[in-house]
Each structure stands twice: as structure tokens, then as C-alpha cells.
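Residue numbers (the UniProt record's numbering), protein chains in the order written: chain G, 1 to 211; chain H, 1 to 211; chain X, 1 to 211; chain E, 1 to 211.
The beta-carbon is built from N, C-alpha and C at its ideal position, and this holds for glycine as well.
Because the structure is a prediction, the values reported are computed rather than measured.
Accompanying notes for the structure given below.
Protein chains: 4
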Amino acid sequence: MAVRRPVRTAARNGTRAGSGGSDRRAELLQIAAGLFAGRGYAQTTVRDIADEAGILSGSLYHHFSSKEQMLHEILQDFLGRLLERFTEIERDAQDPRQVLDQLVQHSFTVIHETPEAVALYQNESGALSGQPGFEYVDQLGRKIEKIWLRALTAGQKSGVFRADVDASLTYRFIRDTVWCTVRWYRPRGRFRHEAVAEQYLRVLYGGLTAP
Amino acid sequence: MAVRRPVRTAARNGTRAGSGGSDRRAELLQIAAGLFAGRGYAQTTVRDIADEAGILSGSLYHHFSSKEQMLHEILQDFLGRLLERFTEIERDAQDPRQVLDQLVQHSFTVIHETPEAVALYQNESGALSGQPGFEYVDQLGRKIEKIWLRALTAGQKSGVFRADVDASLTYRFIRDTVWCTVRWYRPRGRFRHEAVAEQYLRVLYGGLTAP
Amino acid sequence: MAVRRPVRTAARNGTRAGSGGSDRRAELLQIAAGLFAGRGYAQTTVRDIADEAGILSGSLYHHFSSKEQMLHEILQDFLGRLLERFTEIERDAQDPRQVLDQLVQHSFTVIHETPEAVALYQNESGALSGQPGFEYVDQLGRKIEKIWLRALTAGQKSGVFRADVDASLTYRFIRDTVWCTVRWYRPRGRFRHEAVAEQYLRVLYGGLTAP
Amino acid sequence: MAVRRPVRTAARNGTRAGSGGSDRRAELLQIAAGLFAGRGYAQTTVRDIADEAGILSGSLYHHFSSKEQMLHEILQDFLGRLLERFTEIERDAQDPRQVLDQLVQHSFTVIHETPEAVALYQNESGALSGQPGFEYVDQLGRKIEKIWLRALTAGQKSGVFRADVDASLTYRFIRDTVWCTVRWYRPRGRFRHEAVAEQYLRVLYGGLTAP
DNA sequence: CATGAATGAGATTTCATTCAT
DNA sequence: AATGAATGAAATCTCATTCAT
Numbered sequence: 001m002a003v004r005r006p007v008r009t010a011a012r013n014g015t016r017a018g019s020g021g022s023d024r025r026a027e028l029l030q031i032a033a034g035l036f037a038g039r040g041y042a043q044t045t046v047r048d049i050a051d052e053a054g055i056l057s058g059s060l061y062h063h064f065s066s067k068e069q070m071l072h073e074i075l076q077d078f079l080g081r082l083l084e085r086f087t088e089i090e091r092d093a094q095d096p097r098q099v100l101d102q103l104v105q106h107s108f109t110v111i112h113e114t115p116e117a118v119a120l121y122q123n124e125s126g127a128l129s130g131q132p133g134f135e136y137v138d139q140l141g142r143k144i145e146k147i148w149l150r151a152l153t154a155g156q157k158s159g160v161f162r163a164d165v166d167a168s169l170t171y172r173f174i175r176d177t178v179w180c181t182v183r184w185y186r187p188r189g190r191f192r193h194e195a196v197a198e199q200y201l202r203v204l205y206g207g208l209t210a211p
Numbered sequence: 001m002a003v004r005r006p007v008r009t010a011a012r013n014g015t016r017a018g019s020g021g022s023d024r025r026a027e028l029l030q031i032a033a034g035l036f037a038g039r040g041y042a043q044t045t046v047r048d049i050a051d052e053a054g055i056l057s058g059s060l061y062h063h064f065s066s067k068e069q070m071l072h073e074i075l076q077d078f079l080g081r082l083l084e085r086f087t088e089i090e091r092d093a094q095d096p097r098q099v100l101d102q103l104v105q106h107s108f109t110v111i112h113e114t115p116e117a118v119a120l121y122q123n124e125s126g127a128l129s130g131q132p133g134f135e136y137v138d139q140l141g142r143k144i145e146k147i148w149l150r151a152l153t154a155g156q157k158s159g160v161f162r163a164d165v166d167a168s169l170t171y172r173f174i175r176d177t178v179w180c181t182v183r184w185y186r187p188r189g190r191f192r193h194e195a196v197a198e199q200y201l202r203v204l205y206g207g208l209t210a211p
Numbered sequence: 001m002a003v004r005r006p007v008r009t010a011a012r013n014g015t016r017a018g019s020g021g022s023d024r025r026a027e028l029l030q031i032a033a034g035l036f037a038g039r040g041y042a043q044t045t046v047r048d049i050a051d052e053a054g055i056l057s058g059s060l061y062h063h064f065s066s067k068e069q070m071l072h073e074i075l076q077d078f079l080g081r082l083l084e085r086f087t088e089i090e091r092d093a094q095d096p097r098q099v100l101d102q103l104v105q106h107s108f109t110v111i112h113e114t115p116e117a118v119a120l121y122q123n124e125s126g127a128l129s130g131q132p133g134f135e136y137v138d139q140l141g142r143k144i145e146k147i148w149l150r151a152l153t154a155g156q157k158s159g160v161f162r163a164d165v166d167a168s169l170t171y172r173f174i175r176d177t178v179w180c181t182v183r184w185y186r187p188r189g190r191f192r193h194e195a196v197a198e199q200y201l202r203v204l205y206g207g208l209t210a211p
Numbered sequence: 001m002a003v004r005r006p007v008r009t010a011a012r013n014g015t016r017a018g019s020g021g022s023d024r025r026a027e028l029l030q031i032a033a034g035l036f037a038g039r040g041y042a043q044t045t046v047r048d049i050a051d052e053a054g055i056l057s058g059s060l061y062h063h064f065s066s067k068e069q070m071l072h073e074i075l076q077d078f079l080g081r082l083l084e085r086f087t088e089i090e091r092d093a094q095d096p097r098q099v100l101d102q103l104v105q106h107s108f109t110v111i112h113e114t115p116e117a118v119a120l121y122q123n124e125s126g127a128l129s130g131q132p133g134f135e136y137v138d139q140l141g142r143k144i145e146k147i148w149l150r151a152l153t154a155g156q157k158s159g160v161f162r163a164d165v166d167a168s169l170t171y172r173f174i175r176d177t178v179w180c181t182v183r184w185y186r187p188r189g190r191f192r193h194e195a196v197a198e199q200y201l202r203v204l205y206g207g208l209t210a211p
């Protein structure tokens, strides 16, 4: 049986119990997130995760009470941090356009930095919403939606954004485009994430029609 | 994998739609598509499909050789029809802008008319691409991509579309926005599908910035 | 065939006997071999094996990845050992007649000691040969055949065996007679296995006609 | 659907209801025998037989009440005719040696002419013996055994066969060798069935040792 | 005589989870 | 913290057989 070197990412701050204690938990969550994102939560077996971690599946239950708990921790961590950052952006920016700019830019940054969590959320949130125990997914989702909507409607009111399209439709268009990027964006691909953000904003604001 | 697997004759289960044949097959595929779209392919059990059809799960195997075969038939039918229609649009339209208009409009029509197939493709194609036996998914996907790309680059060359954004990035932005619509579009909702198409095209062409 | 089949690591279920490892595996294989031999591989259910072992059928899959894998391990072990011993006999014996003597005697010993594996091979090899994954059955069978054939032709050349019968026909006659014994030989029956071997060799060498 | 030319053997007398009526039955039994012999009775599905006959599996039940009935008809026909011919041989031959000659020769003829039935009997009789409804298999088998044994012991008594080997052991050796031939004998192979018989008898009577 | 749809019992396999060591 | 064995529920699939048309 081959010894498996644990995969360790640079930016992985302690998920639980602030003390530097449970390093292993974070590693395992990282592994799980990658697998959940890659093949889907339901299609990932506890054994897949354990294999990748170099232990037996039963041993995972020393760290987590269930497979679902792993999902919860990953999603809560992701959504919590996202909402936190979006809230700061709304608070600190100076006008709707700047809010929108930064929301989009930060989104692309998150896709760049934690693609697994984004893909996981993107792929599973539909099936999760409404499931008992996953109420927070919709709740945080709605809070995030409100931030975007406030920026859009404020922009329409102030005359900087066009008012002949429905704001919530526009929100959905933007949200879907931005987050779907995770499906094809490759960190070492032709475009860096800042460039993707920039080009998207250019089309979004200016339109496809040549000026 | 069974030892001594009997060699089946080719004709078995090959009554592909079109021969005016088996009505029941089509009904069953319809039911399966709905369930696959709703809860995901892997999360849909053969029993779910059979229950919905009012038969026993084993009886499904009179019509289809496996659950996977049902998926194949649904996807191939969907992608085949889509490519066919897109090809006609490209052939018949008069300029790149008209091609793009109609590609977008037809996409929203398809989302309206067969949301199950669209949702299925949207949710599963990621995990499917690369799987043995599903090569056609990527193949047809690439053919469709080429149609959109030809319209976009032609428009850039003829000066009608802005040339300072990468065409393939733009394609992905549009594709993701359009198809993701299936996640929230409701046939009897606030906007009819023509309205969604129209508003999307307005932002896409004119941009979000107020004129 | 499942969609999204997770890629398993090679090391899974690969604790092949020999590493002194898992005793339980060997026990289970023993049980399986007995049942396979008794009622045929296809007629033996995984549940039969599990029942006999006192566990639930699903639990077998902790040790083996499939019913077929159990068959493989039994057959490979049997054929491997047989070839090994036959090779030694050919190497160490002093003349063709001695080789043939010992090949026959060892065969009857194997029938006596591991009748399950012999019966299994005897009953299933016909249907197995040609099946994908079972190539080794024919391969090892051919290697064994060559050993017998070398002894027979060498004996013909040296004048100790009659030369007016085809060697490969003779090989088949001997092989079939010897191995078929497993169908009726009973360890506690009227004849001990050495006696069966002796009487067979007497007829084989001397012929049925009274001297 | 391809029209399948019915495979018709020369010697195929009406199995049932003397009137030349059920031709189709005989065809179907022929097909079934071929498949049963090829993959084993249990491994042959009713659908396999129907496929090969160019009809649907349900339609077989117009001709036979069950899959097992097909097996019965094939086996009874085979064993009945075999016993009949063996009885004639014993009655008509002039001495034990001639009986044995002709029993062996006829066996090889039967292997040549109806290999399917022989292979079927050879492969399944073990599992069948003892099963309710299959008592005739053992019964006829025992009658056949007695014919051979009478020839062997008579030959021993009259001094033509060696008496220092057990007659029933010898019977088993001969029986196994002869019938096992069906596993490798090919009608268009290197040796015709008469040649196989002749060479076998040469070794059997004269022994392998060079004279 | 054959079709086409279905039954129902039982097969193999999957997998989250538990627990004694 | 981890192993190794097992559970138990549920999934996919097989197949002889029935029966209305």
C-alpha cells in the first residue's frame, strides 16, 4: 500500500477551533471539496475521500460525523466569507458602478482562488436549496442577491445604469455568467482572472455593439 | 461484469424513434428526462422512473437496455436537434447580428419548450464529457460552439461587434448566461421567454450603461 | 455500466495472498471455491458464499471487488501452482517415461488435495476461454500442454512410446481422463488416489489387452 | 430483421406427435441445443434462443411450456437413441472386444453427428442428476454403464482383457476420455472421427509403450 | 403463430456508517 | 488516530414467464 503524500494548498486557514490544532481536518476538507467539485457530492464516496487522504474510509469518522457534515463545513465557510467580503465592498464603495465593479472583480478572484468551493456551490446549490439542514444556503444566497440588487437599482435610479431592463433579470444574467466561469476558467490558461473580469465588465457596461 | 455474457444481436433494443415505432419508449423517455432534470441523473433511480410510468422497475428493461441508454437517447436527441436548428439559422440569416439574434432567441425558445433536456444537459454535461461512450456530447458541443464563434468573429470583422474583447470569451459569457436561464426560468412566470430574450439582447448589445 | 465511475486507486483490494495478510480473504476464497465447484460459478450466488461465511452478501465486497474477482484469484492460484509443479517435474525427471509418470501422479494428487479448484477449472474453463479478462486461462493451459507434449514426443523419439498415434491426440486422451476423474473420485472411496493413478498408468502403458 | 435459414440435420425424426406436423419445434430444439451446449443451460436465456430463431421470447411459449421442457426433450431424445443403439450393439456383436470396439466407434460417431447434445449432456448431467424431474438421466446413464461394464467384465473373464485393473475404473477412464472428446473435436479438423476412434482404440488396447 | 408489454422474484453491487481492537 | 471487518438499506439489472391483442 503506497504512502500518499497529503496534498497541501498554500492558502488554507484554520476552519474550526482557532487553535492551530486540527490541521488534518482542513486537509481532509480540502480533499473532499476537490472531489465534491469534480464529480459531484452524491457521486463522491466516503471511500474516494479516504483513498485520496491515504486512510481507510472508517477513519474519516474520527474527524467528521458524516459525509454531509463535510459538505456543510465547506459550504458555510465559503458562503460566510463571500458574504462578509461582499458586505465590505458595499459598505466601502462610493457609487453603484464601483460596487458592481468590485463585486464582479472579487467574484472572479474567488473563482481563481477557491475554484472547488465555487464549483461545489454552483453545482449543488440547486439540489440543496429546500433540503432540511441546508436553509443557510438559501438564506445567505438571498443576502448576497440583495447586495447586488441594491447596487443595480441604485445605479438605475441615479441614471448610471439603463432602466429599460428589469434589475432582477439583470442580476441573474450577471450572476450566472460570472459564476459559470468556474466551469471553464483555468488558473494557468490564456487569460488571467483579472483579464477575464476586465473583458466581462467591458461587454457588460458597453455592450457588444461596436461603439 | 458478468462472466459468459451472452452475445446479443445488434437489433436488440434498437427500435430508435423515427420508425414511427414504439410510442411507449417516447413516453418513458419523457418521464425520465423530467426526473433526470429535476433531481439529477445519478440521484434518479430506475424505480423513480418506473413508478412515474406506473410499471415495475424491471419492466423498463424491456424498452431500454440500461438507465444510461435512456440518458444517451435523451441527450443525443436534444443535441442533434439543437445543432440542426442552429445550422439552419447560420445558413439562412443575412448578417452576423441576425445570426446572433436568432441563436439567442432560439435558445430561449428551446429552454421554454424542452426545459428538461436543457437542464439535463446543463447539469450533467460537465461530468459526462470525457466519459467513455459520451464522446458525442463534446463533439456536438464543439460544432455548436463553432457556429456561435463564426457569427461573433464575422461580426467583429465587419465592424458591427466590438473587437476589443476576445470572441471565445464572449461566446462563453453568452452561452453560460443563456443556458443558465433554465435554472430559474418558469414558463408561467413574470416574463415570457420572448421577453427574457429581448431584455437579454438589449443588455448584450447596448450594455448596461445608460445611453 | 455507471456514468461517472470514480477512478479507483490501483492499490484497492490488491492485498493479494502471500503478504501473509488477510486470513479472512483466504477463508472466503476457500468457501467460494467449494460452492463454485459444487453448483457451478454462475449458479452460485454471492449470497450463497456470504451465508456460508456467516456474513451478509454486501460484506463480501469489503474483501473482493466482485464475484468474478474471486473466480480469478482461485483460478490463477490453481493454474499458477500447477504450472510451477509441472515445470519442476519436467526439469528434474530423468526420462520421458518418468516425466509422464510424475505428471499423472501429481495430477491425481492435486485432484485429491484440492478437488474444488480442479472441478472448477474442469467445469468452467470451456466457457471462460475467450472471455475478456480470462486470457491467462488459455495461456497457462497452453504452457501446461507443452510440457506434456514434450514428454510424449521425446518418448516417441527415444522409442519408449509407440509412434503410430498422434502425440497431441494422446495428450488430449490422457488429459481428459485424468482431470475428469475429479467428477467421480471420492477421497474416502474404494480407491485411494495413488491406486487410481497406478491403475490408470497400468492401462495407459500396457493397454487393455491381456498380456 | 434477417431471415434465418433453418439449420436442419439429416437425422432428425419427429420428436412428438408422430404426424409430420411440428417442424418448427424441431428447429427450435436444434437452436436451443446449440446454445445450451455453447454457453451452458443456465447461462442461456430464453431470449437468446428466441433471438436466434428470429422471434420474440414470449413466442417460444407457444411451442414449449418452459425452458426446462426444451432441455428435457433434447436430453431424452439423445439418451433414448444412445441407449437404443448401444443395446443393439451388445445384442449383435460376437465377443466382448467387438462390443467395446463398436461402443467406442459409435460414441465417436455420435459426437461427430450431434455434438450439441453430447456437449449438453456432458456439461449438465452432473448438476442435473438428483434434481426432481431428471431421474431418467441417471436411470438411462446406469443402463448404459451396465452395457459397457458387461463387455469389460466378460472380456476379463474370457481372458481377452487384462484382469489386474478394476473394471468400473476402466469404464470410467474410457467413458470420460471418449465423451470429453466433444470439447475439442472439430468435424472439419485434422482428424476425422473414424481416425480419432481408431487411434484411441490402438492406445487403449495396445498401450502407450512401444511394442 | 406471433407481438409487445408487463410481472415478480432474485441477482450483483454500492456505500454511508458502526465498532471492537 | 487509524485499521479491518461488518451492517443494512437501497440501487441497477436479469430473466422466465404471462397474457391481451
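### Query
Is there at least one Cβ from chain E nearer than 8 angstroms to L208 of chain X's Cβ?
Yes, contact with chain E.
Q. Between Q199 of chain X and the rest of its own chain, which residues show a CB-CB distance below 8 angstroms, the 5 nearest in sequence each way excluded?
A. Result list for Q199 of chain X: F191, in chain order.
Taking only runs that begin and end inside the segment 107-187 of chain E, name each unbroken alpha helix (DSSP H) of 4 or more residues, in chain order.
Listed in chain order, they are 115-128, 135-157, 167-180.
Determine the DSSP secondary structure at A17 of chain X, reduced to helix, strand or coil. Residue placement at A17 of chain X is poorly supported in this model, since its pLDDT is 35, which falls under 50; the coordinates still yield a value, given next. Looking at A17 of chain X - three-state DSSP - the assignment turns out to be coil, as it is neither helix nor strand.
*Sorted by chain position, which residues of the same chain lie with C-beta nearer than 7 angstroms to V46 of chain E's C-beta, five sequence neighbours on each side aside?*
Excluding sequence neighbours, V46 of chain E sits near S57, L60, K67.
Query raised in the report: Since R172 of chain X meets chain E, which of its residues come closer than 7 angstroms, beta carbon to beta carbon?
Result: What R172 of chain X touches in chain E: W184.
Check your understanding: From what residue to what residue does the alpha helix (DSSP H) around A50 of chain G run?
Key -> Taken as a continuous stretch (DSSP letters only), the alpha helix (DSSP H) holding A50 of chain G covers 46-53.
- Within-8 angstroms CB hit, D176 of chain H to chain G: Closer than 8 angstroms: yes.
With three or more beta-carbon pairs closer than 8 angstroms as the criterion, would you say the segment 151-160 of chain G touches the segment 136-148 of chain H? Between the segment 151-160 of chain G and the segment 136-148 of chain H, the count of C-beta pairs closer than 8 angstroms stays below three; the two stretches do not touch.
| What is the residue span of the alpha helix (DSSP H) that Q94 of chain E lies within? | Premise fails: Q94 of chain E is in no alpha helix (DSSP H) and is neither H nor E.
- Please list, in chain order, all residues of the same chain as L149 of chain X whose beta carbon is under 7 angstroms from its beta carbon, the five residues on each side excluded. Only A167, S168, Y171 meet the Cβ criterion.
Closest to V203 of chain E by C-alpha separation, out of E:Q43, E:W184, E:F173, would be which residue? For the set E:Q43, E:W184, E:F173, the Cα lying nearest the Cα of V203 of chain E is the one of E:F173.
Hey, out of H:A93, H:F108, H:L128, H:H193, whose CA is closest to L82 of chain H's CA?
Of the candidates H:A93, H:F108, H:L128, H:H193, H:F108 places its Cα closest to the Cα of L82 of chain H.
Fill in: According to DSSP, residues forming a beta bridge with T209 of chain H
Partner(s): G:F161.
Practice item. Please decide whether R142 of chain H counts as near chain G, where near means a Cβ-Cβ distance under 8 angstroms. Key: Chain G contact via Cβ: absent.
- chain E beta carbons: is any one of them nearer than 8 angstroms to that of R202 of chain X? Yes, because at least one Cβ of chain E sits closer than 8 angstroms to the Cβ of R202 of chain X.
Exercise. Is it true that the CB of L71 of chain E sits closer than 8 angstroms to the CB of K121 of chain E?
Worked result: For clarity, residue 121 of chain E is Tyr in the given sequence; the question names Lys instead. No; because the gap between Cβ atoms is not below 8 angstroms, this pair is not in contact.
> What is the DSSP secondary structure of S59 of chain H, reduced to helix, strand or coil?
Replying inline: Residue state, collapsed to three classes: helix.
Practice task
Determine, using beta carbons only, whether G126 of chain X comes closer than 8 angstroms to chain E.
Solution key: Chain E contact via Cβ: present.
Out of H:A42, H:Q43, H:Q30, which has the shortest C-alpha to C-alpha gap to A53 of chain H? Comparing Cα-Cα distances from A53 of chain H to each of H:A42, H:Q43, H:Q30, the minimum goes to H:Q30.
_Pop quiz: R39 of chain H and T209 of chain G are said to be a contact at Cβ under 8 angstroms. What is the actual Cβ separation, rounded to whole angstroms?_
The pair is not a contact, with the Cβ atoms about 41 angstroms apart (cut-off 8 angstroms).
query = Anyone know if the C-beta pair for E116 of chain H and A37 of chain H falls short of 8 angstroms?
reply = Contact: yes.
request  = Go through its chain and collect everything with a Cβ distance to R91 of chain E's Cβ below 7 angstroms, but skip five positions before and after it.
outcome  = Closer than 7 angstroms at the Cβ level, and outside the excluded window around R91 of chain E, lies no residue.
Between Q43 of chain H and the rest of its own chain, which residues show a CB-CB distance below 6 angstroms, the 5 nearest in sequence each way excluded? Taking C-beta separations shorter than 6 angstroms and ignoring five residues to either side along the sequence, Q43 of chain H has no partners in its chain.
field: A26 of chain X - containing alpha helix (DSSP H), residue span
entry: Run containing A26 of chain X: 23-39, per the alpha helix (DSSP H) assignment.
Would you tell me roughly how many angstroms separate the C-alpha atoms of A119 of chain G and Q105 of chain G, rounded to the nearest one? For the pair A119 of chain G and Q105 of chain G, the Cα-to-Cα distance works out to about 17 angstroms.
| message | Would you say F64 of chain E lies against chain X (beta-carbon separation less than 8 angstroms)? | response | It does not; no Cβ of chain X falls within 8 angstroms.
| request: Give the C-beta separation of H193 of chain E and I111 of chain E to the nearest angstrom, bearing in mind that I take them to be a contact with Cβ-Cβ under 8 angstroms. | output: Distance from H193 of chain E to I111 of chain E at the Cβ level is roughly 7 angstroms; contact confirmed, criterion being Cβ atoms closer than 8 angstroms.
- Message: Against Q43 of chain H, what residues of chain G qualify as contacts under a CB-to-CB distance less than 8 angstroms, listed in chain order?
- Response: Result: A42, A127.
- Query: Buried or exposed: which applies to E73 of chain E, given that a residue is buried once 16 or more other Cβ atoms fall within 10 Å of its Cβ?
  - Reply: Buried is the call here.
Item to complete: Give me the Cα-Cα distance between D164 of chain X and V99 of chain E, rounded to the nearest whole angstrom.
Response: D164 of chain X and V99 of chain E: Cα-Cα distance of roughly 24 angstroms.
DSSP state of R202 of chain E mapped onto helix, strand, coil: Under the three-state reduction of DSSP output, R202 of chain E falls in the helix class.
- For E84 of chain H, count neighbouring C-beta atoms within 10 Å of its own C-beta (all shown protein chains included) and say buried if the count is 16 or more, exposed if not. So E84 of chain H counts as exposed.
Spatial neighbours of Q102 of chain X within its chain, please: C-beta separation below 7 angstroms, excluding the five flanking residues on both sides. Result list for Q102 of chain X: I89, A93, in chain order.
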